[in-house]
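Residue numbers (the numbering used here), protein chains in the order written: chain A, -10 to 289; chain B, -10 to 289. Glycine included, C-beta positions come from ideal geometry on N, C-alpha and C. All values derive from a computational prediction rather than experimental measurement.
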């Protein structure tokens, strides 16, 4: 990162914690600060306080990126652009985040979901460099998917909610799933809490030969089958706590390969799936760097 | 359509027939001509002959759109942009279509899949006017989906192939499906040939109370559930021969509503699905007008 790179600021606004970040990219992080996500006015004032302090200490930043939990309004022409909308999180429904920060800091502000931010960070600095179409999937407390199509995050009726698609079940699997809306959607089948409900103990405690993994790998393979055919990513990043099980990647790749059954003719698939289904290159920093990647977009 | 509208030309290149079209839009079609899709050099020469003849008769057209059967290469920067690529159709693999026509006619040429073209036609002249995100689904000999995301057709690894996603099956349904690649992907479950295989006679001959429709409506409802959550269309056009069964729309809307279970908060869904899941406004002309819509894009 050249020392002349412009200073950018980012806020990863999560459901339980926020991370503020200042810098120019992954090799040039000047400061980070973590805050709990509490009462909204208090939380937003704390974020503003951190950014004000950094501005005094490090000088003006050129742009600000906000990567937020959802659902959010991403339509630039909407009067509620930059709002968190119909969230079930108490006290946060219909909350202006990005417009408020834009008024306060008078710099260009970009706003997107946390998973879209993480996807853009991979596209800018990680293993998606040079690609226009890719997806970032996080399998943890829930299943989140950030789909980038021709360089833009999906946003029409709403942003994508691919974690709640229903998938074809593995024959013989009668687990009802844990999603309060859908039961056995993919989040209800293969998120951390779903695995715990299925196996009777946390995913982190299951040995690689536990039978639950066969179902989880099948179901995540089905999620990827659907992703390949609906938004056609050139690469899929697969992260989150559940994916810290090293045996899962090879199983999921096999499930996807078997399910697609050579239907899609593309060089990226013909070479095998090791370079197609990959862990995020930015690891645990993908979230905060996502906010910084959005700032970099706003600064272009 | 103002009489000063520029003349546009289109070619809908289908697997069994081609339709050439000349005009400015649905209310200003000057000429159409249908040809069988045969040996490729012969077919492409016939198309060129029609366009040459029209040019002599009606004057120069401003742009040309080609809506083709696939798979096709849609990347403008690719050396094989505008080619039909790995098709199983004999003699048509790796066929330059758009570059050839661009050289011959020296006008701007746009090229996309037939379903994407039909989607764009609905967006320009039909029931998707003013929308940036929508999907066109045709349920006939196969199931084709054209997904438009932020004004662009999906194209990354390839164009979308949403007709080959696997869906959650209706409990008690053990039909194996007819897709040679996937068996019970959605095309294998709910296309015309699938319905015929399931019911023992053609879909057009089945009464509305035939039990096969319950499965078909369920499975198409699942396709739409996935579409809503992956590419977030603001409206979905549902056409093709199978959808000429008038009872199907209401059933599919009910299946979708029940499956989403109020998960997606969007005004378009809150008003009921009658305006969300709709027949194509352009009817049987959606295909050729798709080619004309692509020409209009090339002319912008």
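Identification of residues in the segment 209 to 239 of chain A having a C-beta nearer than 9 Å to some C-beta of chain B yields 211, 214, 215, 216, 217, 218, 219, 220, 221, 222, 223, 224, given in sequence order. One thing to note: residue 229/B has its Cβ no nearer than 8 Å to the Cβ of residue 221/A. DSSP places residue 148/A within a strand segment (E or B) once states are collapsed to three. Only exposed fits residue 30/A, as fewer than 16 other CB atoms lie within 10 angstroms of its CB. Under the 8 Å criterion on CB atoms, residue 144/A is classed as interfacial with respect to chain B. In the displayed model, residue 158/A falls within coil according to three-state DSSP, outside both helix and strand. By the neighbour-count criterion, in which a residue is buried when 16 or more other Cβ atoms sit within 10 angstroms of its Cβ, residue 176/B is buried. Scanning chain A for C-beta atoms nearer than 8 Å to the C-beta of residue 121/B yields 145, reported in chain order. For residue 244/B, the three-state secondary structure derived from DSSP is helix.
For the 8 Å CB-CB criterion, residue 281/B and residue 55/B do not form a contact. Assigned with DSSP and collapsed to three states, residue 171/A falls in coil, not helix or strand.
If you compare the alpha carbons of 9/A, -5/A, 5/A with that of residue 274/A, the shortest gap goes to 9/A. If you look at residue 21/B, you'll find it in the beta strand (DSSP E) that goes 17 to 25. Residue pairing for residue 72/A: DSSP places it in a beta bridge opposite 85/A. In this structure, the straight-line span from the alpha carbon of residue 127/B to that of residue 133/B is close to 5 Å.
Residue 149/A sits away from residue 40/B, with the two beta carbons spaced by 8 Å or more. Here residue 205/A is not near residue 165/A, since their CB atoms are 8 Å or more apart. Nearest C-alpha to residue 4/A among 19/A, 24/A, 259/A: 24/A. For the 8 Å CB-CB criterion, residue 181/A and residue 130/A form a contact.
Take the alpha-carbon of residue 82/A and the one of residue 125/A: they are about 26 Å apart. At a cut-off of 8 Å, the C-beta of residue 248/B has a neighbouring C-beta in chain A.
Residue 125/A carries a strand assignment under DSSP once its states are collapsed to helix, strand and coil. By the C-beta density criterion, residue 117/B is buried, having at least 16 other C-beta atoms within 10 angstroms. Linking residue 249/A to residue 233/A through their CA atoms gives a straight-line distance of about 25 Å. Within the segment 205 to 237 of chain B, the beta strand (DSSP E) runs of at least 3 residues that lie entirely inside it are, in chain order, 225 to 228. Interface annotation for the segment 166 to 198 of chain A against chain B: 170, 171, criterion Cβ-Cβ distance under 7 Å.
Interface annotation, residue 150/A: in contact with chain B, CB-CB separation under 8 Å. Listed along chain B, no residue sits closer than 7 Å to residue 87/A by beta-carbon distance, the nearest being about 18 Å off.
Any Cβ of chain B closer than 8 Å to the Cβ of residue 42/A would place that residue at the interface, and such an atom is absent.
In the DSSP assignment, residue 140/A falls outside any beta strand (DSSP E) and carries neither an H nor an E.
The residue from 101/B, 92/B, 122/B with its alpha-carbon nearest to that of residue 64/A is 122/B. Rounded to whole angstroms, the gap between the alpha carbons of residue 174/A and residue 187/A is 14 Å. Sorting 208/A, 97/A, 107/A, 38/A by C-alpha distance to the C-alpha of residue 154/A places 208/A at the top. In summary, the residues of the segment 250 to 265 of chain A whose CB is separated from some CB of chain B by less than 7 Å are 250, 252, 253, 254, 255, 257, in the order they occur in the chain.
Close partners of residue 5/A in chain B (Cβ separation under 8 Å) are lacking, with about 21 Å as the shortest Cβ gap.
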